[in-house]
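To start, the structure itself, in structure tokens.
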Amino acid sequence: GMGAYSPAPILTPDLEAQVMDRIIRPTVAALAAEGTPYVGVLFAGLMLTDTGPKLIEYNARFGDPECQVLMMRYTGDLAALLHAAATGALATATPPSFASDYALTVVMAANGYPATPEKGGAIHGIADAESGGVRVFHAGTARDGDTIVAAGGRVLNVTATGRTVTEAQARAYAAVDKLDFATGFCRRDIGWREVTREAG
């Protein structure tokens, strides 16, 4: 939960088919069989193991921080897609489409997270960080007068795009370094496996 990138080349077409056939379709079929149809976002948290993908959890919302990288790449009209789902018109809606660029997000968390996050720490430099294909998503923030302050554990999602994961990572961490958030921290290794593969 401290970062994400998209697309993830580890999700091969074969692996995606396994996830759909072993996890997603059986879930949808079970809901229908029980007479409890579901409409909305169903986020599957997965773990890849030696014996194939395993389901850790379902959330009836977008995953965080996974959603941020998807939204940076999404090229359609999300409101229209959600409206179509809510009104039973999803079958005739334009399917979702995504840009080919990569996106990578780095979570800025409050000191003490995940145990007891320190709240109230001032955050400055967000406008400076948001340049060159970067967006700073607020997760656990609040206003104290004119100042943005930490109000939760995972506070900001600094998200950047690039032609490669390496480029997106460099942009995201450059933006992180423009933030003045003395009571916050982040991991510095988000995307390292794919960066290593790209350098290979």
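Heads up, the sequence shown is in the numbering used here, so the first residue is -2 and it goes up one at a time. Ideal Cβ placement from N, Cα and C applies to all residues, glycine included.
Contact annotation: T180 and A157 have beta-carbon atoms that are not nearer than 8 Å.
Here the alpha carbons of F178 and D141 stand approximately 15 Å from one another. No residue range can be given for V38, since it is assigned to no beta strand (DSSP E) and is classified by DSSP as neither H nor E. Sixteen is the threshold: since fewer than 16 other Cβ atoms of the shown chains lie within 10 Å of the Cβ of T48, the residue is exposed. The alpha-carbon of R185 is positioned some 12 Å away from that of A1.
Residue pairing by DSSP places S3 opposite A100 in a beta bridge. Annotation: the continuous beta strand (DSSP E) that includes R140 extends over 138 to 141. Distances from the CA of C64 to each of A86, V133, I123 were compared; the closest alpha carbon is that of V133.
Residue pairing by DSSP places E54 opposite G42 in a beta bridge.
Between Y110 and T138, the alpha-carbon positions lie close to 14 Å from each other. For R132, the enclosing beta strand (DSSP E) has its first and last residue at 131 to 135. DSSP, read as helix, strand or coil, puts I20 in helix. Looking at the DSSP output, G49 sits in a beta bridge with T46.
For L87, there is no enclosing alpha helix (DSSP H), since its DSSP letter is neither H nor E. Taking 8 Å as the cut-off, the Cβ atoms of A86 and F182 do not count as close. Scanning the stretch 145 to 193 from its first residue to its last, the whole beta strand (DSSP E) runs of 3-plus residues come out as 151 to 159. When the beta-carbon positions are compared, V104 and N154 come within less than 8 Å of each other. Contact check for T161 against Y99 passes: the beta carbons are separated by less than 8 Å.
Bridge pairing for F59: absent [DSSP]. Take the alpha-carbon of V25 and the one of A119: they are about 44 Å apart. Counting along the chain, D125 sits inside the alpha helix (DSSP H) bounded by residues 123 to 126.
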